[in-house]
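Below: one structure, written as structure tokens.
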Amino acid sequence: MKIALASDHGGFELKEYIKTLLKEHKVLDLGTDSEVSVDYSDYGIKAGEVVASGEAYFGIVVCGTGIGISIAANKVKGIRCALCHCPEYARLSREHNNANMLALGGRFLTKEQAENIIKTWLSTPFEGDRHIRRLNKISKYEESNHASH
Ligand code: RB5
């Protein structure tokens, strides 16, 4: 499975660690490539576009809190980016929300916590069923909103 990975400077260290966890996947590292200050917006949008286009199946993005980069990714049509602080959120974001991107807070998680979240997120399938109806409402809104601009 191809996974897009991106961070700003606040998530750089954790992003580099995440790469070592994803050895059995193809990883598309979209940067950043150092702790020099950059804008999370650029990286969240870029990773979102790569996932929305189908170039990568999933995306994992990291900034200091995970908030900014998840907001940015969620502006891309078709992206459902879930900011997860624990494995339970990760599980539910896949089962109920069919999240196609995961956002993490690099300054608030230990490597072990991040690893547990990622493992759970990647191994949990979408439940479908009633959740499809709810997600369809978001897609429909997205379609109409974009069509009117
Ligand atoms: C950068 O200092 C910080 O604002 C960013 O990493 C992130 O936490 C934003 O939401």
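Be aware that the sequence shown starts at 1, since it is given in this note's numbering, and climbs by one per residue. For each residue, glycine too, the CB sits at the ideal point set by N, CA and C.
Starting from residue i, follow its DSSP beta bridges and name the residues at the other end.
i	result
residue 60	5 and 102
residue 29	5
residue 82	102
Under the rule that 16 or more other beta-carbon atoms within 10 Å means buried, what is residue i, buried or exposed?
i	result
residue 94	buried
residue 15	buried
residue 33	exposed
residue 129	exposed
Less than 8 Å between the CB atoms is what I'm expecting for residue i and residue j, so what's the real figure, rounded?
i	j	result
residue 69	residue 103	6 Å
residue 105	residue 64	6 Å
residue 48	residue 101	7 Å
Residue i: beta carbon under 8 Å from a heavy atom of the ligand RB5?
i	result
residue 42	no
residue 45	no
residue 37	yes
residue 69	yes
residue 9	yes
residue 94	no
Considering only C-alpha positions, which residue in the set the options is nearest to residue i?
i	options	result
residue 77	12, 112, 1 and 141	141
residue 134	143, 123 and 97	97
residue 1	62, 27 and 143	27
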